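Residue numbers (my numbering): 21 to 101. Built from N, CA and C at the ideal position, the CB exists for glycine as well. Values in this document were obtained by computation on a predicted structure and should not be read as measured data. A short worksheet on the structure shown next.
Take a look at the structure:
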């Protein structure tokens, strides 16, 4: 995820990040303004490995500011955590 408007990805509250109803199980800052959240594929109902789908992610920053975004992703199987 990347945030606009001068917001910092380090301020994302991982406990609030949800993708299509599935809570994030892990999150990390990987670049100055890029945040990667991981979700359990089994929590994404009806989505199989290998599928390319549009997903909507919502969450809040530590100060309570909400954010929402979408992207087209390829679902991968379970790998190393």
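Residue range of the beta strand (DSSP E) that includes residue i
{"i": "residue 55", "result": "54-59"}
{"i": "residue 103", "result": "With the chain covering only 21 through 101, there is no way to say anything about residue 103."}
Reference residue i; option with closest CA among the options
{"i": "residue 40", "options": "77, 52, 68 and 87", "result": "77"}
{"i": "residue 73", "options": "61, 86 and 35", "result": "61"}
{"i": "residue 50", "options": "21, 66, 70 and 75", "result": "21"}
{"i": "residue 94", "options": "87, 85, 84 and 59", "result": "59"}
{"i": "residue 35", "options": "67, 85 and 47", "result": "47"}
{"i": "residue 107", "options": "25, 75 and 69", "result": "Past the boundaries of the shown model lies residue 107; the chain is included only from 21 to 101, so the question cannot be answered."}
8 Å Cβ cutoff met for residue i and residue j
{"i": "residue 64", "j": "residue 44", "result": "no"}
{"i": "residue 54", "j": "residue 29", "result": "yes"}
{"i": "residue 27", "j": "residue 81", "result": "yes"}
{"i": "residue 33", "j": "residue 79", "result": "yes"}
Residue i - partner residues in DSSP beta bridges
{"i": "residue 91", "result": "75"}
{"i": "residue 21", "result": "Answer by DSSP bridge pairing: none, since residue 21 is not bridged."}
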